[in-house]
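*Asks:*
Residue numbers (full-length UniProt numbering): 1 to 259.
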């Protein structure tokens, strides 16, 4: 009797559940390992590709099992449903990334001053192939940024540069970003430069950040730059990072005025 029941079971359903579950576990373990610097970025990117392929296979196996159950009255609905749900769960971040890929310009280096962005001097020493090289934006890249993020601008404050730099350092510390340089004087002009390394919230992809605090016309101007170390598309992360940081800087500078 058990043999008959086994023969009437859609094996694709069990395979779907197993493959999808393995993809989910592999995704979680590798993501945590990369986030806590236990796994390097290039191997992690390969693992992400494998996870996506496994999740897609689990999804197709679940659909195959459902078709077999519909046509031949086979058993295994619970396993097929579990495999389908887990596969869709794993594929959700990929779908979100695909949407952001389609709705954001192909950029990896964003600045509030595209013409004269804050220098990433220390980042040049920290990067090596296959990381993206640090280089000035091309005219095409500047045009793409200005079209996609016209509201992304620097800030002007009626405070001394040292005061603004101190607030910026506090924000960097609160975010857990690693300061690698500064604040130190910039050779050209009356300005201070701060460089740091930031990470994406969950997967931990690194970006180099440069902030220029400049004393100009009896006011302090702040310009910020964020550049991804890997990939050919930042999915909008760098612009969002700059926007959130400068909005928080506005809030803290306003709180100084209230004192």
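For every residue, glycine included, the Cβ atom is placed at its ideal position computed from N, Cα and C.
For the beta strand (DSSP E) containing residue 178, name the first residue and the last one.
*Replies:* Note, residue 178: beta strand (DSSP E), 178-185.
*Asks:* How is the alpha helix (DSSP H) around residue 69 delimited, first residue to last?
*Replies:* First-last of the alpha helix (DSSP H) with residue 69: 41-72.
*Asks:* In the structure shown, what three-state DSSP assignment does residue 206 receive?
*Replies:* The answer is strand: DSSP assigns residue 206 an E or B state.
*Asks:* Leaving out five residues before and five after residue 202 in sequence, what residues of the same chain have Cβ atoms less than 8 Å from its Cβ?
*Replies:* Here the set comprises 31 and 35.
*Asks:* Once the 5 residues before and after residue 181 are set aside, which same chain residues still bring their CB inside 6 Å of it?
*Replies:* Excluding residues within five positions, the ones whose Cβ falls inside 6 Å are 122 and 195.
*Asks:* I'd like to check one pair, residue 18 with residue 61: are the Cβ atoms closer than 7 Å?
*Replies:* Against a cut-off of 7 Å, the Cβ pair of residue 18 and residue 61 comes out as no contact.
*Asks:* Cα separation between residue 117 and residue 213?
*Replies:* Answer to the nearest angstrom: the Cα atoms are 12 Å apart.
*Asks:* Which class does residue 151 belong to by DSSP, given the choice of helix, strand or coil?
*Replies:* DSSP places residue 151 in coil when its eight states are reduced to three.
*Asks:* Please state if the CB of residue 209 and the CB of residue 198 are separated by a distance shorter than 7 Å.
*Replies:* In contact: residue 198 and residue 209 (Cβ atoms closer than 7 Å).
*Asks:* Among the candidates 232, 93, 173 and 243, whose CA atom is the shortest distance from the CA of residue 155?
*Replies:* Among 232, 93, 173 and 243, the Cα nearest to that of residue 155 belongs to 243.
*Asks:* Could you compute how far the alpha carbon of residue 12 sits from the alpha carbon of residue 87?
*Replies:* Each residue's Cα considered, the two are about 14 Å apart.
*Asks:* Would you mind sorting residue 104 into buried or exposed? The rule is 16 or more other CB atoms within 10 Å of its CB.
*Replies:* Its Cβ being crowded by 16 or more others within 10 Å, residue 104 is buried.
*Asks:* Flag this pair as touching only if the region 19-30 and the region 76-87 have three or more C-beta atom pairs under 8 Å; answer yes or no.
*Replies:* Contact holds: three or more Cβ-Cβ distances are below 8 Å.
*Asks:* Tell me whether residue 94 sits in a helix, a strand or coil according to DSSP, three-state version.
*Replies:* Of the three classes helix, strand and coil, the one that applies to residue 94 here is helix, per DSSP.
*Asks:* For residue 211, list the residues DSSP reports as bridge partners.
*Replies:* In DSSP, residue 211 forms a bridge with 194 and 224.
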